[in-house]
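Student: Input: one structure, supplied below.
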Amino acid sequence: MEKLFKLKEHHTDVKTEVIAGITTFTTMAYILAVNPNMLGDAGMDAGAVFTATALASFVACLMMGLTANLPFALSAGMGLNAYFAYTICGQMGYSWHVALAAVFVEGLLFILLSLTNVREAVFNAIPKTLKFAVSVGIGLFIAFSGLQNAHIVTDSTTLVSMFSFKASMEAGTFRSEGITVLLASAGVLITAILLIKKVRGNILIGIGATWILGIICQLTGLYVPDPDAGFYSLLPSGIFSMPASMAPTFLKMSFSGIGIMDFITIMLALLFVDMFDTIGTVIGCAAKADMLDEKGKLPEVRSILLSDAVGTTVGAVFGTSTVTTFVESSAGIAHGGRTGLTTIVTGFLFLLSLFLSPIFLAVPSFATAPALIIVGFMMMQQIVKIDMEELSEAIPAFITLIAMPFMYSISAGISLGIISYVGINLFIGKRERISPLMYVLTVLFVLKYMMLYS
134 MEKLFKLKEH HTDVKTEVIA GITTFTTMAY ILAVNPNMLG DAGMDAGAVF
184 TATALASFVA CLMMGLTANL PFALSAGMGL NAYFAYTICG QMGYSWHVAL
234 AAVFVEGLLF ILLSLTNVRE AVFNAIPKTL KFAVSVGIGL FIAFSGLQNA
284 HIVTDSTTLV SMFSFKASME AGTFRSEGIT VLLASAGVLI TAILLIKKVR
334 GNILIGIGAT WILGIICQLT GLYVPDPDAG FYSLLPSGIF SMPASMAPTF
384 LKMSFSGIGI MDFITIMLAL LFVDMFDTIG TVIGCAAKAD MLDEKGKLPE
434 VRSILLSDAV GTTVGAVFGT STVTTFVESS AGIAHGGRTG LTTIVTGFLF
484 LLSLFLSPIF LAVPSFATAP ALIIVGFMMM QQIVKIDMEE LSEAIPAFIT
534 LIAMPFMYSI SAGISLGIIS YVGINLFIGK RERISPLMYV LTVLFVLKYM
584 MLYS
């Protein structure tokens, strides 16, 4: 292990890496439940998608761990799968076979861009201040996601509001939804106390403790499952299961029934969102783990981006949507994961999930939500590295970090941060801060928004 992952050099050990890998997997295992349902809406076989998602995640994590030796886990990305199912196959009316073909071509282009240093150059061109802002923005983003998953924050006439226990009691949903909100809130306190006390494995223990409290509530009748409303039994339906065949989705890409220009438009949309979501996630997680050098660069960024690209290509072949680096990797990093061993543990858990899916799929979102909220706090700590006195640096950083949670998009935060950084520093005469690639990115982002909202 020492020779393969250089554990001492990264100030870690096997136990820390294994627990970090388990923590990362636990916070992102929801994708195994969500992705089959979402792509199933596009007409795909849900069982085949489950198997394809788990296997593609395993392959991508294995490559990331062995080539980049960094704790960044990968799976089918949220947002990108929604675009696949509800935009390409829904609004546009194309078959899922065409959507898989677009993901496959996107993956091949990503491999080419990674090998030719284009993606690495984009990563390195982003100023260090914005990289710290991305980390903070992602912290706010995943904390907000955790609050939503726990139903602590809900939709309302004021856009969002705090969950109403009074309304829940009046509607008769307190013993399903209301109890889970209380359990998630307790989970945040439990995880926070464990973190303050420096208990090893605090995030994973917090997830387990919250789930166990939920099981106790179900056994005593305080929690009543309501599957129609999305509140399921907290007890696993079994232990072992045989994986479904991938035959219905394996190598089912097709280019029939779509014009070349429409196909290029779809593929470029996938490419753009995936590229900047991945770069944003890698920047945020690397900054949190203090992996960036004095110039704000990450030495192994090419291997990271190549692993991401290969994962997308393999995923399309297997029959799943775009595979990307998961922001939930920050949960394992927060626990102390620093090498590829963390990622490989996560990957093997994805493989194991094929046979133990009843257990993994029984972990409720209210149990993982506290982990996301606490990790969000940890990533927020990077804000002290932003020089708030230098306004030409601080204002673009502020735009970057608020855009991610408020617009619910990591790529939007990066886009608006770069546009504002170039615009402000160009007009105040500090052109030496702006690299040629930053000008190119600014033009591309402006054109993107003009085309999207014209």
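Just so we're on the same page, my numbering is the position in the sequence shown counted from 1, plus 133.
Don't be surprised by glycine CBs; every beta carbon is placed ideally from N, CA and C.
1. Please state whether the Cβ-Cβ distance between residue 552 and residue 578 is less than 8 Å.
2. So residue 137 packs on residue 454, CB below 8 Å; how close in whole Å?
3. May I have a chain-ordered list of the beta strand (DSSP E) segments no shorter than 3 residues that lie completely inside the stretch 259 to 310?
4. Is any non-hydrogen atom of the ligand MG found closer than 7 Å to the C-beta of residue 457, if you look at the structure I gave you?
5. Compute the distance between the beta-carbons of residue 457 and residue 206, then report whether it is under 8 Å.
6. Can you give me the start and stop residues for the alpha helix (DSSP H) that residue 402 sits inside?
7. Mind checking which residues open and close the alpha helix (DSSP H) that includes residue 443?
8. On the three-state DSSP scale, how would you describe residue 553?
9. In chain order, what residues of the same chain lie with their CB nearer than 6 Å to the CB of residue 351, ignoring the 5 residues before and after it?
10. Look up residue 542 in the DSSP assignment and say whether it is helix, strand or coil.
11. Taking buried to mean at least 16 other C-beta atoms within 10 Å of its own C-beta, is residue 515 buried or exposed?
12. If we count the other Cβ atoms within 10 Å of its Cβ and call it buried at 16 or more, is residue 353 buried or exposed?
13. Over the uninterrupted beta strand (DSSP E) stretch that includes residue 517, give me the two end residues.
14. Hey, would you say residue 493 sits closer than 8 Å to residue 382, going by beta carbons?
15. May I ask you to list the residues that DSSP assigns as paired with residue 174?
16. Measuring straight from C-alpha to C-alpha, what distance separates residue 558 and residue 402?
17. If you follow the beta strand (DSSP E) that residue 207 is part of, which residue opens it and which one closes it?
18. DSSP three-state call for residue 364: helix, strand or coil?
19. Residue 183 and residue 165 look like a contact to me (Cβ under 8 Å); what is the Cβ gap, rounded to whole Å?
20. Going straight from the alpha carbon of residue 398 to that of residue 221, what length do you get?
21. Can you tell me whether residue 249 is buried or exposed? The criterion is at least 16 other CB atoms within 10 Å of its CB, across all chains shown.
22. If you draw a straight line from the alpha carbon of residue 290 to that of residue 580, how long is it in whole angstroms?
Tutor: According to the data block:
1. yes
2. Not a contact, Cβ separation roughly 31 Å.
3. 286 to 289, 292 to 295
4. This structure simply doesn't include the ligand MG, nor any ligand for that matter.
5. no
6. 393 to 421
7. Run containing residue 443: 434 to 451, per the alpha helix (DSSP H) assignment.
8. helix
9. 367
10. coil
11. buried
12. exposed
13. Residue 517 -> no beta strand (DSSP E), and no H or E assigned at all.
14. no
15. Its beta-bridge partners do not exist; DSSP assigns none.
16. 29 Å
17. 207 to 209
18. strand
19. 6 Å
20. 11 Å
21. exposed
22. 33 Å
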